[in-house]
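*Asks:*
Chains as they are written, first to last, in this note's numbering: chain A, 1 to 280; chain B, 1001 to 1275.
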């Protein structure tokens, strides 16, 4: 065993130093806080944990978070696919600009996006007044939460699908077209199977991010109990009451959900990377 | 012929739809911040951002961002070097732990720091003895910011180092060059654009982080209020000019970061030989 490790040993010096610095910083920033979460969770009684996470108000917040994140991510998957398609397949004036602003939601602080979207969508706002004519209110409803989550999630889908779509070779489409396939058939039978893993990966990443999003949502949500309270807000309000046991219990359920999403994503990612590297 | 026309119509409809979506969802909120902040004129804007507490919030954000970027640069470079240059047990665990902060909600990030350094923690007594305040103080804000931006720089450098391989470094080592000399003369020229790109992403997130910082700040005006927290405070006090004026500074930062991003992305791609 030792011999094998030695034969693999790199000739490049500096292993000890790099290993020391990395584990020291990693230990302080990530491992120590995670350990305290585990230690603290272990002290919670299971009955209290179940009681906390099944309170009607907490359950309602899980419902709000999951439903709005799901709808927003579905919208993002559809619009993100359209955006990736337009950016890869078409030439038009302003294309570079369009490509350049996709990452805006990563660059713009979430609190800024939150107050701006809220002001735009209140009933006398620029967008809100347009929709209020039909009796639709956006701000302070679940629609508003969904709008904010669409905003923060859009880059995930576009940047996930775009590189894969670039690799899809047009000769297969031409072949299908010569054999008489319609454009809709070509899209669903030739192109879509190639980009599906990337689309699902973008969707899950947007979904995971949406579930945990706080800054852009708190302003637009209105935070009405049972109706527009998201899970991160529930955790936040428990923290403000110094009720760490409840906050941790609610957070644990969220973490489990996030890790499940991450696991699904990892499985799909490995398939996507095989497509990108061209190995099948 | 008809087929071709159909195609053209579909193309422009799709482009039109995407342009409209981006205009309403991304550009309008951006412009709205700037327009609203200047609604009452330059004077009101200037008064709002030169307010004593506003200046303190800006300075705290700058300080936090600089510390987070420095720590993450040191960590990111060493972590990328460690992961790409050596084979060792536990490598997979280390790279998983580096990426972990990306999947954790900022609020939960704040929560785990409260559990680590707060009153109920076993560390609390020691910290108290030495008079170190972390929770509801500046160190907590800094730690939370480092946490949420933790993977950004390492994740940008690792793919570049994987793509360039280890041949040059190994040759240099066999010829007797030391670790630091190998890094600065051989590795650094390969990763400089990726590193800069990572720093840009890290800066953007560090300046704008809200959730995690909000949990740990304690919201003491002038002491533990960062720019995003100051915006929240102004907004909740219905001082919309103040909130949007401060926001417009962050909007300008976001635009600068987008421009830098686009320049750097091109450089990173050409240095790894893509496109």
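We put the CB at the ideal spot given by N, CA and C, even for glycine. All values reported here derive from a predicted model rather than from experimental measurement.
Would a C-beta distance cut-off of 8 Å place residue 109 of chain A and residue 1210 of chain B closer than the cut-off?
*Replies:* Yes.
*Asks:* Cα separation between residue 128 of chain A and residue 1042 of chain B?
*Replies:* Rounded to whole angstroms, residue 128 of chain A to residue 1042 of chain B spans 27 Å at the Cα level.
*Asks:* Any idea what DSSP makes of residue 1133 of chain B, helix, strand or coil?
*Replies:* Coil.
*Asks:* If you compare alpha carbons, which of A/243, A/32, A/66 and A/239 is closest to residue 204 of chain A?
*Replies:* Ranking the options by Cα distance to residue 204 of chain A, first place goes to A/66.
*Asks:* For the stretch 11 to 26 of chain A, which residues have a beta carbon sitting closer than 8 Å to at least one beta carbon of chain B?
*Replies:* For the stretch 11 to 26 of chain A, which is checked against every Cβ of chain B, the residues closer than 8 Å are 11, 12, 13, 14, 15, 17, 18, 19, 21, 22, 23, 25 and 26.
*Asks:* If you follow the alpha helix (DSSP H) that residue 1159 of chain B is part of, which residue opens it and which one closes it?
*Replies:* 1152 to 1164 is the span of the alpha helix (DSSP H), which, as asked, contains residue 1159 of chain B.
*Asks:* Rounded C-beta distance between residue 210 of chain A and residue 73 of chain A? I'm assuming under 8 Å.
*Replies:* The pair is a contact, with the Cβ atoms about 6 Å apart (cut-off 8 Å).
*Asks:* Please determine, among A/83, A/139 and A/50, the residue with the shortest C-alpha to C-alpha distance to residue 219 of chain A.
*Replies:* The candidate whose alpha carbon is nearest that of residue 219 of chain A is A/139.
*Asks:* Could you tell me whether the stretch 1254 to 1264 of chain B touches the stretch 1061 to 1071 of chain B, where touching means 3 or more Cβ pairs closer than 8 Å?
*Replies:* In short, these stretches do not touch, since the Cβ pair count stays below three.
*Asks:* Unbroken alpha helix (DSSP H) runs of length 4 or more, entirely within the stretch 90 to 157 of chain A: which are they?
*Replies:* For the stretch 90 to 157 of chain A, whole alpha helix (DSSP H) runs of length 4 or above, ordered along the chain, are 95 to 101, 104 to 107, 110 to 121 and 128 to 132.
*Asks:* Which residue wins for smallest C-alpha separation from residue 144 of chain A, given the options A/112, A/68 and A/202?
*Replies:* Considering only alpha carbons, the answer is A/68.
*Asks:* Quick check on residue 103 of chain A - is its C-beta less than 8 Å from some C-beta in chain B?
*Replies:* Judged by the 8 Å Cβ criterion, residue 103 of chain A is in contact with chain B.
*Asks:* Leaving out five residues on either side along the sequence, give the residues of the same chain with a beta carbon under 7 Å from the beta carbon of residue 1118 of chain B.
*Replies:* Correct list, in chain order: 1124 and 1135.
*Asks:* By the criterion of Cβ-Cβ separation under 9 Å, what are the contact partners of residue 1225 of chain B in chain A?
*Replies:* Those within 9 Å of residue 1225 of chain B in chain A number zero; the least Cβ separation is about 12 Å.
*Asks:* With DSSP run on the structure shown, which of helix, strand or coil describes residue 23 of chain A?
*Replies:* Reduced to three states, the DSSP call for residue 23 of chain A is helix.
*Asks:* Can at least three beta-carbon pairs, one atom from the stretch 1155 to 1166 of chain B and one from the stretch 1206 to 1226 of chain B, be found at a separation below 8 Å?
*Replies:* They do not touch, by the three-pair rule.
*Asks:* Taking buried to mean at least 16 other C-beta atoms within 10 Å of its own C-beta, is residue 1147 of chain B buried or exposed?
*Replies:* Classification of residue 1147 of chain B: buried, given that the 10 Å Cβ count is 16 or more.
*Asks:* Beta carbon of residue 14 of chain A, beta carbon of residue 1176 of chain B: below 8 Å?
*Replies:* No.
*Asks:* Quick one: which chain A residues come within Cβ less than 9 Å of residue 1130 of chain B?
*Replies:* Near residue 1130 of chain B there are no residues of chain A at all, since even the closest Cβ is about 16 Å away, more than 9 Å.
*Asks:* Is residue 265 of chain A helix, strand or coil when you go by DSSP?
*Replies:* Helix, per DSSP.
*Asks:* Measure from the C-beta of residue 251 of chain A to each C-beta in chain B and report whether the shortest distance is under 8 Å.
*Replies:* So, interface residue.
*Asks:* Out of A/35, A/36, A/41 and A/124, which has the shortest C-alpha to C-alpha gap to residue 246 of chain A?
*Replies:* Taking only the C-alpha atoms, the option nearest residue 246 of chain A is A/41.
*Asks:* Using a Cβ-Cβ cut-off of 7 Å (strictly less than) and excluding sequence neighbours within five positions of residue 1109 of chain B, which residues of its own chain qualify?
*Replies:* For residue 1109 of chain B, where only same-chain residues beyond five positions count, the Cβ hits under 7 Å are 1101, 1144, 1147, 1148 and 1212.
*Asks:* Mind listing, in chain order, the continuous alpha helix (DSSP H) runs of no fewer than 4 residues lying wholly within the stretch 7 to 90 of chain A?
*Replies:* 15 to 26, 32 to 43, 46 to 53 and 56 to 89, all fully within the stretch 7 to 90 of chain A.
*Asks:* Given a threshold of 16 other Cβ atoms within 10 Å of its Cβ, counted over all protein chains shown, does residue 1126 of chain B qualify as buried or as exposed?
*Replies:* Exposed, since its Cβ has fewer than 16 Cβ neighbours within 10 Å.
*Asks:* Label residue 1001 of chain B either buried or exposed according to how many other C-beta atoms from any shown protein chain fall within 10 Å of its C-beta, with 16 as the threshold for buried.
*Replies:* With a pLDDT of 42 at residue 1001 of chain B, under the threshold of 50, the modelled position of this residue cannot be trusted; read the value that follows with caution. Exposed, since its Cβ has fewer than 16 Cβ neighbours within 10 Å.
*Asks:* For residue 100 of chain A, which residues in chain B fall below 7 Å Cβ to Cβ?
*Replies:* The answer, in chain order, is 1258 and 1262.
*Asks:* Against chain B, with Cβ distances strictly below 8 Å, would residue 85 of chain A count as a contact?
*Replies:* Taking Cβ atoms only, chain B reaches closer than 8 Å to residue 85 of chain A, which makes this a yes.
*Asks:* So residue 1152 of chain B and residue 1098 of chain B are supposed to be a Cβ contact under 8 Å. How far apart are they, rounded?
*Replies:* 10 Å between Cβ atoms; not a contact.
*Asks:* If we count Cβ pairs, one from each stretch, closer than 8 Å, do we get three or more for the stretch 1008 to 1019 of chain B versus the stretch 75 to 87 of chain A?
*Replies:* Yes, the stretch 1008 to 1019 of chain B is in contact with the stretch 75 to 87 of chain A.
*Asks:* Can you tell me whether residue 1122 of chain B is buried or exposed, with buried defined as 16 or more other CB within 10 angstroms of its CB?
*Replies:* Classification of residue 1122 of chain B: exposed, given that the 10 Å Cβ count is below 16.
*Asks:* Going by beta-carbon coordinates alone, are residue 191 of chain A and residue 173 of chain A separated by less than 8 Å?
*Replies:* Contact: yes.
*Asks:* Give every residue of the same chain whose Cβ lies closer than 6 Å to the Cβ of residue 249 of chain A, excluding the five residues on either side of it in the sequence, and list them in chain order.
*Replies:* Around residue 249 of chain A: 49, 52 and 53.
*Asks:* Could you check if residue 1181 of chain B is buried or exposed, using at least 16 other CB atoms within 10 Å of its CB as the buried criterion?
*Replies:* It is exposed - the Cβ of residue 1181 of chain B has fewer than 16 other Cβ atoms within 10 Å.
*Asks:* Determine, using beta carbons only, whether residue 1222 of chain B comes closer than 8 Å to chain A.
*Replies:* Not an interface residue.
*Asks:* Out of A/21, A/213, A/184 and A/253, which has the shortest C-alpha to C-alpha gap to residue 1007 of chain B?
*Replies:* Out of A/21, A/213, A/184 and A/253, A/184 has the C-alpha closest to the C-alpha of residue 1007 of chain B.
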